[in-house]
Amino acid sequence: MSFDPKAHLIELLRGALLSVAPDHCNCEIVIERPKQASHGDFASNLALQLARALKDNPRKIAERLVQELPPSDWVRKAEIAGAGFINFTLAAAAKTCVVHDVLAAGENYGRRSALGRKIQVEFVSANPTGPLHVGHGRGAAYGASLAALLAFAGNTVSREYYVNDAGRQMDILAVSTWLRYLELFDEYVPFPPNAYQGAYVREMAEQVKLAHRDTYVHPAAAVLAVAPAAPARRDDSAYTKEEKEQLELHLDGLIAAGKDLLGEGWFTIHGHALNEQLSDGRSDLEEFGVHFDVWFSERSLFDTGMVQRAVAELEKRGHIYVQDGAKWFRSTAFGDEKDRVVQRDNGIYTYFASDIAYHLNKLERGFDKVIDVWGADHHGYIPRVKGAMQALDLDTQKLDVTLIQFVSLLRNGEKASMSTRAGEYVTLRQVREEVGNDACRFFYMLRKQDQALDFDLELAKSQSADNPVYYVQYAHARLCSMLAQWGGDLNGLVQTDLAPLTSERELALCARLREFPEVIEHAARDYAPHGVAFYLKDLAADFHGWYNSDRVLVDDVALRTARLALALAVRRTLVNGLQLLGVSAPESM
RNA sequence: CCGCCCGUAGCUCAACCGGAUAGAGCACCGGCCUUCUAAGCCGGGGGUUGUGGGUUCGAGUCCCGCCGGGCGGACCA
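Plus 272 on top of the position in the first sequence (first one is 1) and you've got the numbering used here.
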């Protein structure tokens, strides 16, 4: 049975409370780890908290509490310090016994059980209109680690990718592909600046040509005849607002032309582009160690009538009104700053409409908690989604939206553009190849998600040897090497007598191991997997320090065995932590 | 103008949902390889936590104002 020092100390303090302040037995008792080593292993501010209620000097209260503390073999010392803190120093055995806990639990060390909530994490969900970039990479690394963390914290987790396979953006990709395809047959429709510019579009056009030859060729003039004229070309983004609107109308006209001229063929190109981009993104993510349980199609929401049903339901409840030919959801009634269109005057549903249906669907699937991982630029979207949920009588408490701040990619000290349409951006795949998957995953986790991240490529490359991920992995490799050199049976270390572990570094290392389950708990509670990365850095640092001061493979068998057991426990914990982050634990470096 | 995120060492970032003398890494200076991997370790300098108030035993953390930066505010996604 494992020993939980915090729970034990709380129990002792509660015992003391019984005689010191019987009226406050049920007050919350907080045990913390002091930042400073001289303050002992654990500390409680209980006396400070009671001071007001008892109208007494906190130090006096602390003294009485310490006096009334039930005896315990685990506690070596309880002393009063500062304004009235009670500092506990544990007996050595209370610290070292964590090694047994770690070795007994193995890959389950740190795992929490019994929560058992059903949680969905939806992340990345990028439009399949082009390669994933470093911003998506952050969402992917974050979401994957968060999901792993929540699962490790005792929940049943479903990882979901929402595929935006309906809507205008996909049409734009399809028309982009078609126009490039026409170019291959010398039919030149001026390529719109607001269509997808990337080289991958030309590649898809080549593929279409290869598979279907000239089936979809139409004269450029016929294509242009359908679309309203485009404004004169300008350099870059020098277009006026009116011209921009004109550009969008022109593009819509080209899409209409495609649908009109190609008939079924439109869906062939559309489908080809979709599959191509989706499978590209999927394999990219797989290689990045990011897996999904469900790929949820937006179009399926239309095919099954879910969108229509959701809007009808809102209508039935009186939250929809018609204005200027469009259907509006009265989101202002639920705290949004303005009402939102769900169905445009041309009959097309907005993205918001399918999102309402999607969230209705999510909750109907019976999740206790649904977590949406969004880019920070979507924050204005939260009130309307929650508003719609509220209007549908869904429990908005079940939805948590985590916002990921932007990633700026720095190359040669300059910010690289990340516009998908312009096609000028560094892809996730490129970054992975340049800095490696492990460093990439770890790098993303080195910043809290609500913090903007500068991904400096030159830095990531030039400093690859100094990258914290190697620091942690190196600790693991050292441990493997040492254990291999010893060559004994690792299973035999489980019941080792740990009494020989007495040095300050050894006890500190044990305390660090003891922290791991709490790190998991807090990181899971806060949806903040970066905490695991920071913990691993600390654990590795404690290990490296110990490694340099205390030799493990000594002649004294009892000492050697005890240290080996500690070493094995450290390795175990490193592996468990790295696994949550999707980072490998190499045996040699 | 309104909303959200943020402001901590020269740089990049932490700080256990109010605790004690605010911590790491990088960079800089000085030490440690005939012994388990030097991708490592040990030591050193470096701070009025943007700013002004407030709440209290106690504030980087909570509240208000101001300054500065980022992102949003479409019948776009």
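Don't be surprised by glycine CBs; every beta carbon is placed ideally from N, CA and C.
Secondary structure at Thr599, three-state DSSP: helix, strand or coil? The identity of residue 599 in the sequence shown is Lys, whereas the question assumes Thr. Of the three classes helix, strand and coil, the one that applies to Lys599 here is strand, per DSSP.
Using the C-alpha atoms, what's the distance from Gly590 back to Ser561? Note on identity: in this sequence residue 561 is Gly, with Ser being the wrong assignment. Between the alpha carbons of Gly561 and Gly590 lies a gap of roughly 46 Å.
Segment limits, beta strand (DSSP E) that includes Glu351: Element bounds for Glu351: Val347 to Ala353.
When the Cα of Lys641 is compared with those of Leu387, Lys307, Val370 and Val489, which residue comes out closest? Cα-wise, what sits closest to Lys641 is Leu387.
Which residues bound the beta strand (DSSP E) around Arg612? First-last of the beta strand (DSSP E) with Arg612: Arg612 to Gln615.
If we count Cβ pairs, one from each stretch, closer than 8 Å, do we get three or more for the region 516-534 versus the region 465-477? Touching, yes.
Applying the criterion that 16 or more other CB atoms from any shown protein chain within 10 Å of the CB defines a buried residue, is Phe539 buried or exposed? Per the 10 Å Cβ criterion, exposed.
Name the DSSP bridge partner or partners of Asp726? Checking the DSSP bridge columns, you'll see Asp726 partnered with Ser680.
Where Met273 falls: helix, strand or coil (DSSP): Residue confidence is low: Met273 scores 48 on pLDDT, short of 50, so the model does not pin down where it sits. No coordinate-derived value is stated.
Is the beta carbon of Tyr746 less than 9 Å from the beta carbon of Ala839? Cβ atoms of Tyr746 and Ala839: not closer than 9 Å.
Just the Cα atoms here: how many angstroms apart are Ile333 and Ala315? So the alpha carbons of these two residues sit roughly 15 Å apart.
In angstroms, rounded to a whole number, what distance separates the CA positions of Lys658 and Arg602? Their Cα atoms are separated by approximately 12 Å.
Burial state of Asn618, where buried means 16 or more other Cβ atoms lie within 10 Å: If you draw a 10 Å sphere on the C-beta of Asn618, you find fewer than 16 other C-beta atoms in it, and that means exposed.
Report buried or exposed for Ile620, applying the criterion of at least 16 other Cβ atoms within 10 angstroms of its Cβ. Per the 10 Å Cβ criterion, exposed.
Short of 7 Å in beta carbon distance, which residues of its chain neighbour Tyr623, apart from the five on each side in sequence? Order them along the chain. Closer than 7 Å at the Cβ level, and outside the excluded window around Tyr623, lie Gly439.
Using the rule of at least 16 other Cβ atoms within 10 Å of the residue's Cβ for burial, across every protein chain shown, is Ser753 buried or exposed? Under the 10 Å beta carbon count, Ser753 is surrounded by fewer than 16 other beta carbons and is classified as exposed.
Contiguous beta strand (DSSP E) assignments of at least 3 residues, all confined to the region 740-768: Fully enclosed beta strand (DSSP E) runs of 3 or longer: not present.
From the DSSP output, read off the bridge partner residues of Gln392. Answer is Ser430 and Val642.
Pull up the distance between the alpha-carbon of His372 and that of Ile301, whole angstroms please. Taking the straight line joining both Cα atoms gives about 27 Å.
Quick check: is any heavy atom of the ligand GTP less than 8 Å from the C-beta of Thr540? What this structure holds is no ligand at all, so the ligand GTP is not there to describe.
What does DSSP give as the partner residue(s) for Ser316 in the beta ladder? Per DSSP, the beta-bridge partners of Ser316 are Ile303 and Ile358.
Beta-carbon separation of Ile541 and Val473 under 9 Å? Result no, Cβ atoms of Ile541 and Val473 do not sit closer than 9 Å.
For Ser626, which residues from the same chain have a beta carbon less than 6 Å from its beta carbon, with the 5 sequence-adjacent residues on both sides left out? Result list for Ser626: Glu570, Leu573 and Val579, in chain order.
Reduced DSSP category for Leu404 - H, G, I as helix; E, B as strand; rest coil: Here Leu404 sits in coil by DSSP.
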